[in-house]
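Below, the structure is given as structure tokens:
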């Protein structure tokens, strides 16, 4: 039983009963500094207690991290983004769209064409430039709370695994609400701290991404975050994708250290193209186990990711096209 810490308050729901979850280091970069995670006993929100200062955070990302995100967003572009693209097109087929944390523009590129006016927000100038050059989108570089958009500007705002990076998620969501037109759509993906694999791997779960992920949401805490604004929830459910492979990598690293078998190579330095033989083996493992595990977990509401779509409420109600 973890100790209850009554002096702390949940930053989302304000509940005054908080517990220690666990400590974990930045395993992606192979660093040793531990970070303490706290959890609200009401809404289940998890957050980083001693967050790096904003001016220090760039050192916790680095070129290796941005390279990994770019590879993930650009590899097999149509397959990678087919699902979220289709989810949006089921509701709205065109208009002005803002992708927050757009990286090099992988998702925006799938919507390039006359039906969409594309915008992005990105903290990395290099990635923002790639996004603009590859998509024609107008990308703001900097903190999302400093972006200069006027109220009721966008028909759609998307954010893929970015909300957990913000220091002030409540203020960010309020800002997004203001930027949306009445009836506009907000579509988000975030990791699920209540997922089955998060429970299995604990502090070795890849989805923690400490200290870059400042908040860790569950379906309950994400719903709580949106409960104070005029949004209508269109859907909120968990996804079948998983982080089992990199989580196992972290466990192997731990075993290497504990038994003195080898000097572990951080995942950030291990992003090398796999051999053909390993590609075949990995594909077989994914088909035989990982995909079925992810589907089973998602069916039980315990998938590794959460997808949520909210609509900004307007007077008299808003009709959803679908």
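Residue numbers (our numbering): 19 to 340.
Here a beta-carbon is modelled for each residue, glycine too, at the ideal position from N, C-alpha and C.
Keep in mind that this is a model prediction, so the values were computed, not measured.
Beta-bridge partners of residue i, as assigned by DSSP
| i | result |
| --- | --- |
| residue 328 | 204 and 251 |
| residue 58 | 36 |
| residue 28 | BP columns for residue 28 are empty, so no partner. |
| residue 256 | 324 |
| residue 42 | 53 |
| residue 210 | 235 |
Residue i, enclosing alpha helix (DSSP H) - first and last residue
| i | result |
| --- | --- |
| residue 114 | Counting along the chain, residue 114 falls outside any alpha helix (DSSP H), though it belongs to the beta strand (DSSP E) covering 113-118. |
| residue 220 | Note, residue 220: premise wrong, no alpha helix (DSSP H); not H, not E. |
| residue 156 | Looking at the DSSP string, residue 156 is not in any alpha helix (DSSP H); the run it does join, the beta strand (DSSP E), is 156-159. |
| residue 174 | Taken as a continuous stretch (DSSP letters only), residue 174 belongs to no alpha helix (DSSP H), being part of the beta strand (DSSP E) at 172-178. |
| residue 228 | Unbroken run through residue 228: none, as it is neither H nor E. |
| residue 275 | 262-277 |
| residue 190 | 187-197 |
| residue 104 | 95-107 |
| residue 128 | No alpha helix (DSSP H) holds residue 128; DSSP gives it neither H nor E. |
| residue 314 | 309-317 |
| residue 152 | 143-153 |
Spatial distance of residue i from residue j (CA atoms)
| i | j | result |
| --- | --- | --- |
| residue 19 | residue 63 | Residue placement at residue 19 cannot be trusted, given a pLDDT of 47 that sits under 50; what the coordinates show is reported in the next sentence. Whole-angstrom Cα-Cα distance: 18 Å. |
| residue 267 | residue 328 | 35 Å |
| residue 276 | residue 307 | 28 Å |
| residue 80 | residue 321 | 29 Å |
| residue 128 | residue 103 | 8 Å |
| residue 216 | residue 84 | 24 Å |
| residue 330 | residue 167 | 17 Å |
| residue 75 | residue 154 | 29 Å |
| residue 143 | residue 165 | 14 Å |
| residue 13 | residue 160 | Given a span of 19 to 340 for the chain in the structure shown, any question on residue 13 remains unanswerable. |
| residue 314 | residue 224 | 19 Å |
| residue 59 | residue 176 | 29 Å |
| residue 220 | residue 269 | 11 Å |
| residue 66 | residue 108 | 36 Å |
| residue 234 | residue 226 | 7 Å |
| residue 309 | residue 258 | 7 Å |
| residue 156 | residue 114 | 11 Å |
Per-residue burial, residue i [other beta carbons within 10 Å of its own, 16 or more giving buried]
| i | result |
| --- | --- |
| residue 140 | buried |
| residue 209 | buried |
| residue 280 | exposed |
| residue 158 | buried |
| residue 101 | exposed |
| residue 148 | buried |
| residue 111 | exposed |
| residue 35 | exposed |
| residue 30 | buried |
| residue 323 | buried |
| residue 256 | buried |
| residue 229 | buried |
| residue 187 | buried |
| residue 151 | exposed |
| residue 262 | buried |
| residue 77 | exposed |
| residue 120 | buried |
Proximity to residue i [Cα-Cα], best of the options
| i | options | result |
| --- | --- | --- |
| residue 32 | 56, 61 and 54 | 61 |
| residue 162 | 134, 29, 192 and 150 | 192 |
| residue 254 | 236, 247 and 86 | 236 |
| residue 194 | 104, 169, 182 and 212 | 169 |
| residue 179 | 156, 205 and 165 | 205 |
| residue 28 | 55, 120 and 50 | 55 |
| residue 222 | 240, 285 and 107 | 285 |
| residue 185 | 248, 69, 316 and 46 | 69 |
| residue 239 | 57, 132 and 39 | 57 |
| residue 123 | 246, 234, 113 and 96 | 96 |
| residue 287 | 49, 199 and 243 | 49 |
| residue 326 | 137, 98 and 181 | 181 |
Residue range of the unbroken beta strand (DSSP E) whose run includes residue i
| i | result |
| --- | --- |
| residue 140 | 134-140 |
| residue 66 | 64-66 |
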